[in-house]
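Residue numbers (this note's numbering), protein chains in the order written: chain L, 1 to 125; chain B, 1001 to 1125.
Built from N, CA and C at the ideal position, the CB exists for glycine as well.
Below: the structure, in structure tokens.
There are 2 protein chains.
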Amino acid sequence: MTIRESGEMYLETIYILSQKSSSVRGIDVGEYMGFSKPSVSRALGLLKKDGLVVTDGQGFIKLTETGEERAQRIYERHQLLSLLFTNLGVDAETAAEDACRIEHYLSDKTFDAIKRHFEQYGHRG
Amino acid sequence: MTIRESGEMYLETIYILSQKSSSVRGIDVGEYMGFSKPSVSRALGLLKKDGLVVTDGQGFIKLTETGEERAQRIYERHQLLSLLFTNLGVDAETAAEDACRIEHYLSDKTFDAIKRHFEQYGHRG
DNA sequence: CATTATAGTTAGCATAAGCTAACTTGTCAA
DNA sequence: TTGACAAGTTAGCTTATGCTAACTATAATG
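Written out as structure tokens, the structure reads:
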């Protein structure tokens, strides 16, 4: 099974929380996303089964190498889309919200094109 | 119930097919989208219940005013996103594919910002 | 008129992903 | 040691949305 939008959101959340604290638990993920413990529990189970996260003996969640790559990929899309939108004059909050929904659906090609655009012409973001 | 990505795709398809032919049937929608007859049947039922489409005695599908507005809104997003991406150097096919997935998640604010951008600076699309 | 093809519907299955209720487990303090 | 709280899991519900199989209804054809 390949993960989808939902799985990517969990992955991204773990990635973001891992940058603030080295001890991320399911409860933290649920709080951040506004989801219940059972929802998080199942989602983490699927991510584990897919080899994207692992938990240590204390229940702390870590991304595997693949999981980290995948999370980073999504996070980069998020950042780039936010940048693109704010550069077009969208307020930061709206840009972030849109980016959050869209990040899952942006192809590599289009992502690269946007990236090249900023590298070429610079930006104010 | 408010329609979602799936419902929007049906609506947009009906809109597109209606521009080519004035007699759009469920079977046409299914063929265009690659979905089965029962899937289309149910989806149309929901769209009818939401007052977005109607069928005449012969089973031909028409968008209501609200349905047309909604379809147009999505279609505009599709066109604008395609334009944005091709302007960034993405090939037309990829741009269209990305636009098709993303069109459902673009806020009014960001849509307007992109539109203003093209009005201001022109484009080659 | 009977057969066949086309279109649509109904019934029911599957998966994804949210939820609540209730259980388990582990830690910590009285 | 016991009682309580916190974290996680299990069971089972719900909705959305795809599917197939099988039925119905209509229209066209021999």
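Cα-Cα separation between residue i and residue j, rounded to whole angstroms
i, j, result
"B:V1053", "B:T1064", "5 Å"
"B:G1125", "L:G7", "Because the pLDDT of B:G1125 is 49, which lies under 50, any placement of that residue in the model is unreliable, and the question is left without a value."
"B:E1068", "L:H78", "32 Å"
"B:S1018", "B:D1098", "23 Å"
"L:E93", "B:T1094", "28 Å"
"L:I102", "L:M9", "11 Å"
"L:L47", "L:S22", "19 Å"
"B:G1059", "B:T1002", "24 Å"
"L:T66", "L:T55", "15 Å"
"B:A1043", "B:G1051", "12 Å"
"B:K1020", "L:L11", "43 Å"
"L:K49", "L:Q120", "41 Å"
"L:D112", "B:G1045", "41 Å"
"B:G1057", "B:S1041", "16 Å"
"B:K1037", "L:K37", "39 Å"
Reference residue i; option with closest CA among the options
i, options, result
"L:I154", "L:I114, L:E93, L:V24 and L:S6", "Residue 154 of chain L lies beyond the range of chain L shown here (1 to 125); nothing can be said about it."
"B:G1030", "B:A1096, B:S1082 and B:T1013", "B:T1013"
"L:S39", "L:I27, L:D50 and L:K49", "L:I27"
"B:E1005", "L:Y105, L:S41, L:Q120 and L:D112", "L:Y105"
"L:C100", "L:R116, L:E76 and L:G45", "L:E76"
"L:R116", "B:R1042, B:K1020, B:V1090 and B:G1045", "B:V1090"
C-beta contact flag for residue i and residue j at 9 Å
i, j, result
"L:F85", "B:T1110", "yes"
"L:L80", "L:F118", "yes"
"B:S1082", "B:A1096", "yes"
"B:A1071", "B:Y1015", "yes"
Inter-residue CB distance, residue i and residue j (contact presumed, cutoff 8 Å)
i, j, result
"L:L88", "B:I1114", "6 Å"
The ligand PLP heavy atom lying under 8 Å from the CB of residue i
i, result
"B:I1114", "This structure simply doesn't include the ligand PLP, nor any ligand for that matter."
DSSP bridge partner residues for residue i (one or two, in chain order)
i, result
"B:T1055", "B:I1061"
"B:V1024", "B:I1061"
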